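Enquirer: Here it is, the structure in full.
Residue numbers (my numbering), protein chains in the order written: chain A, 361 to 814; chain B, 361 to 814.
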């Protein structure tokens, strides 16, 4: 990998030199020859003024592809520095899913300028797609697919692909529809290439079509790509009419975003869509402070419990020394279970109906973990810390009980949340910590009260 | 989604009925017509005996596809119940990446039976692929790709695809190689379909090939799919010879597995590859107990600090009441930063060279968060808890300092770990908690000592 990474940096260096020496023709040829993702990366490294200038020397077709790979801030900058005609070209060349993403993130005045420069058809299509609910299959699909009638031959199909394929997001999976756009079947270019040119599409198409509907959750749709190894998936409306396709690259983005969101939620962060380095300090603060506040205030419970046992603690200050260890072990045990369950729920590997199986397994794991931890801890307390048997017994019994409750609550809480329509990841570590802290302190003082004269 | 899910359950019900009524011909037709992933799911729901029986009625080509979609336990069961001839058929039909995965997980005696039934070529290919390092591009690539010489025409290329395409994992991206298998260029079926049949491959191929080498990290390779929206990526050996391709479905699996691993590591779990519900209690215990033990023992530091201030705490038991709140807030603040940085490192969105930018940003966010939290907490302590000004000041100053240290350590620790070749995710929440707990207790008692007569 290293050799290539160095090479890409070197390539960027060479391009910057061409730009400095104003050898624009050479620069244009090099950029047009590059993969659009790399060209976009390069252009985004340039200072504002040069960015627009270099973008404008790209060839017409390449420009829209490069544009689609850029970040929103740079896209806005480009839009603000091209002519209406150039803007119209970009908009018409963009796949509708990319155009919709753009419209959703641009400021209103820029959106209205973009829309003004789009053709009527494009404008209507964008507006239609903007109406699909957030996080639905409709919101990530695109309209550029190849469709056939069922009675044409492979040869005719290839001619149709040649005629209309240029602007399609994928040509490898084609869709067979009725006159009123109902989805009949799917045929891949692979099927067609492996059949004679005279074969009729209806004979080689797969009529057992796996599809999504516009209102399906986009995460469920993305998981279907993982299950079926598709390149594209058709999306139909309520009437069964084919309205769009989701392609595998968008499914990858969804899977990655959902994983990031889960990680953020587990870490008590409110997810934002902006990349970290592009998010301002205030925005980052706003994403992080709510949970910190909620969790700080909810720690009142633990304070109350400790205050309740004030006299006991002043008699046995040694008990205080183990509070952090007990709380941390409880927190760690609980988040092991909750993280496992949340991830498995996200991947669709466990369902609510598995709750008893999961809880039973976690119970056994919890008892094993609790016994191991308390055995090690007992030895440590007796031979290293010399706390005396009674305190050691109190701490170790609390440890077993805490690990047990932490793991059981840690696995059931996200499953129940998922079932009643809450977000399992939000129910994770942070809330869990407060619950487990409270439970473990109560157990601790109860057990201490049983064994010690407090 | 719901309608379809119900339908799939109903379909399985119908299939089970056909099986009960021994209408095997109908069952076979239905299964052969189904997507292989669904057929595999259905077969895996059956009791052991019926599983092998139903698998054996599948048509020859479909059988291998369905087999590739099954879980390892069921694959082993199938292997143990088919004849040598049937086994040979499965092995020859499997893509080499799937065969390699299988060999890596099967018990040794089963592996040797499988290898005995493979042809010499397949055996050699599997052995070659088994030698690539774990988590390398070589370990996830497959050998079934289409390659051309550069001087053939599109028409000839299509003929070659027709001749050899049946067994290839993808035919959509084809590779142009020299006589000694050096990679010259890439040409997609899309390029070919949009060119005249007489066009020569060397004129339409892209010679600016983006490729991986066999020893590249599989995660880096998977990230390339995200960046470039590829369907397949060529993999070359040290001499630049094309030895395999990675396909997008494998890239998705890698991205998902890496995200799961990161989540597990952040939750103090040692990652395992087995699905949760298939992992035994002892195995789960083994994945979880090491970190629990390490972190429990490392909490000795916090106990030592508290013991050090024993007299102070017996005089001001109220100070004890805020220990859980301070520790939890520190832990939450730190894991917000570390989770963000770890995920961004994984996605390639931040690099070590960003460390100053990141630390500076986290410093500002930390101060903002610390100020907000201590303002709210001060009000709460004064007007709700009536602790008196001095205690409130001590707690709030500690809060600001704790949040500051937690966030700064939380962002630098994973970045430094990443730089020196350690796993950033392992440096995350769990280790961080211990460090932050220790720091925050020391600060707490220092500040308390300054304001209170302890």
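Ideal Cβ positions, reconstructed from N, Cα and C, are used throughout, including at glycine.
These numbers come from a predicted model, not from an experiment.
Determine, for residue 756 (chain B), whether the minimum Cβ-Cβ distance to residues of chain A falls below 8 angstroms.
Expert: Not one chain A Cβ lies under 8 angstroms of residue 756 (chain B).
Enquirer: Taking only the alpha-carbon atoms, compute the straight-line gap between residue 737 (chain B) and residue 805 (chain B) and give it to the nearest angstrom.
Expert: Computed Cα separation, rounded: 18 angstroms.
Enquirer: Taking only the alpha-carbon atoms, compute the straight-line gap between residue 810 (chain B) and residue 368 (chain A) and give it to the nearest angstrom.
Expert: Near 56 angstroms, if we compare the C-alpha coordinates of residue 368 (chain A) and residue 810 (chain B).
Enquirer: Compute the distance between the beta-carbons of residue 723 (chain A) and residue 768 (chain A), then report whether it is under 8 angstroms.
Expert: For residue 723 (chain A) and residue 768 (chain A), yes; Cβs fall inside 8 angstroms.
Enquirer: Could you tell me whether any Cβ in chain C is nearer than 8 angstroms to the Cβ of residue 426 (chain B)?
Expert: Chain labels in this structure do not include chain C; the protein chains are A and B.
Enquirer: Assuming contact is defined by CB atoms lying nearer than 8 angstroms, are residue 684 (chain A) and residue 672 (chain B) in contact in what I supplied?
Expert: Not a contact, by the Cβ cut-off of 8 angstroms.
Enquirer: I need the boundaries of the beta strand (DSSP E) containing residue 608 (chain A), first residue and last residue.
Expert: Residue 608 (chain A) -> not in any beta strand (DSSP E); alpha helix (DSSP H) instead, spanning 608-626.
Enquirer: With a 10 Å radius around its C-beta and 16 neighbouring C-beta atoms as the bar for buried, classify residue 778 (chain B) as buried or exposed.
Expert: Classification for residue 778 (chain B): buried.
Enquirer: From residue 799 (chain B) to residue 762 (chain B), what distance separates their C-alpha atoms?
Expert: Between residue 799 (chain B) and residue 762 (chain B), the C-alpha separation is close to 7 angstroms.
Enquirer: Assess, as a yes-or-no matter, whether the segment 407-420 of chain B is touched by the segment 440-459 of chain B under the definition of 3 or more beta carbon pairs within less than 8 angstroms.
Expert: Contact between the segment 440-459 of chain B and the segment 407-420 of chain B is present, because at least three Cβ pairs lie under 8 angstroms.
Enquirer: Classify residue 779 (chain A) as helix, strand or coil using the three-state DSSP reduction.
Expert: If DSSP states are grouped into helix, strand and coil, residue 779 (chain A) belongs with the helices.
Enquirer: Looking only at its own chain, which residues have a Cβ that is under 6 angstroms from the Cβ of residue 473 (chain A), when we skip the five neighbours before and after it?
Expert: Closer than 6 angstroms at the Cβ level, and outside the excluded window around residue 473 (chain A), lies no residue.
Enquirer: Give the residues of chain B in contact with residue 659 (chain A), contact being defined as C-beta atoms less than 8 angstroms apart.
Expert: Going along chain B in sequence order, the residues near residue 659 (chain A) (Cβ under 8 angstroms) are 684, 685, 688, 689.
Enquirer: Per DSSP, what kind of secondary structure is residue 547 (chain A) in: helix, strand or coil?
Expert: Here residue 547 (chain A) sits in strand by DSSP.
Enquirer: By the 10 Å Cβ neighbour count, where 16 or more other Cβ atoms means buried, how is residue 774 (chain A) classified, buried or exposed?
Expert: When all chains shown are included, residue 774 (chain A) counts as buried.
Enquirer: Could you give the first and the last residue of the continuous beta strand (DSSP E) run that contains residue 535 (chain B)?
Expert: Unbroken beta strand (DSSP E) run through residue 535 (chain B): 533-537.
Enquirer: By the criterion of Cβ-Cβ separation under 7 angstroms, what are the contact partners of residue 793 (chain B) in chain A?
Expert: Residues of chain A passing the Cβ test: 688.
Enquirer: The beta strand (DSSP E) with residue 594 (chain A) in it runs from where to where?
Expert: Run containing residue 594 (chain A): 592-596, per the beta strand (DSSP E) assignment.
Enquirer: With the cut-off set at 8 angstroms, would you say residue 504 (chain B) and residue 527 (chain B) are in Cβ contact?
Expert: Contact flag set, yes.
Enquirer: Between the alpha carbons of residue 808 (chain A) and residue 634 (chain A), how many angstroms are there, rounded?
Expert: Distance between the alpha carbons of residue 808 (chain A) and residue 634 (chain A): 50 angstroms.
Enquirer: May I have the straight-line CA-CA distance separating residue 374 (chain A) from residue 387 (chain A), to the nearest angstrom?
Expert: In a straight line, the C-alpha of residue 374 (chain A) is about 9 angstroms away from that of residue 387 (chain A).
Enquirer: Give the straight-line distance between the Cα atoms of residue 728 (chain B) and residue 617 (chain A), rounded to the nearest whole angstrom.
Expert: Distance between the alpha carbons of residue 728 (chain B) and residue 617 (chain A) is about 27 angstroms.
Enquirer: Among residues of its own chain, excluding the 5 on either side of residue 459 (chain A), which ones have a beta-carbon nearer than 7 angstroms to its beta-carbon?
Expert: Cβ neighbours of residue 459 (chain A) beyond the five flanking positions: 451, 486.
Enquirer: For a contact meaning CB atoms closer than 8 angstroms, what does residue 518 (chain B) contact in chain A?
Expert: In chain order: 553.
Enquirer: Rank B:637, B:455, B:780 by C-alpha distance to the C-alpha of residue 713 (chain A) and give the top, closest one.
Expert: Ranking the options by Cα distance to residue 713 (chain A), first place goes to B:637.
Enquirer: For residue 601 (chain B), name the three-state secondary structure that DSSP assigns.
Expert: Residue 601 (chain B): strand per DSSP, three-state reduction.
Enquirer: How should residue 461 (chain B) be labelled, buried or exposed, when 16 other C-beta atoms within 10 angstroms of its C-beta is the threshold for buried?
Expert: Per the 10 Å Cβ criterion, buried.
Enquirer: If the cut-off is 9 angstroms on Cβ atoms, which residues from the segment 472-495 of chain A count as contacting chain B, listed in chain order?
Expert: Going along the segment 472-495 of chain A in chain order, one finds no residue with a Cβ nearer than 9 angstroms to chain B.
Enquirer: Which bits of chain A does residue 342 (chain B) rub up against, with CB to CB less than 7 angstroms?
Expert: Only positions 361 to 814 of chain B appear in the structure, and residue 342 (chain B) is not among them; the question remains open.
Enquirer: Below 8 angstroms, how does it come out for the segment 510-523 of chain B and the segment 556-572 of chain B: are there three or more Cβ pairs, yes or no?
Expert: Verdict: yes, contact present.
Enquirer: May I ask you to verify whether the segment 661-668 of chain A touches the segment 569-588 of chain B, counting CB pairs closer than 8 angstroms and requiring at least 3?
Expert: Touching, no, given that fewer than three Cβ pairs across the two stretches are closer than 8 angstroms.
Enquirer: Quick one, which of B:604, B:423, B:412, B:650 has its alpha-carbon nearest residue 389 (chain B)'s?
Expert: If we check each option's Cα against that of residue 389 (chain B), B:423 comes out closest.
Enquirer: Determine, using beta-carbon pairs with one atom in the segment 593-605 of chain A and one in the segment 490-510 of chain A, whether at least three such pairs fall under 8 angstroms.
Expert: These segments touch.
Enquirer: Please check if any C-beta of chain A sits within less than 8 angstroms of the C-beta of residue 716 (chain B).
Expert: By this cut-off, residue 716 (chain B) is not an interface position.
Enquirer: How long is the line joining the alpha carbons of residue 742 (chain B) and residue 749 (chain B), rounded to whole angstroms?
Expert: Roughly 7 angstroms separates the two Cα atoms.
Enquirer: In terms of residue numbering, what span does the alpha helix (DSSP H) encompassing residue 415 (chain B) cover?
Expert: It spans 408-417 - the alpha helix (DSSP H) in which residue 415 (chain B) sits, taken as one unbroken run.
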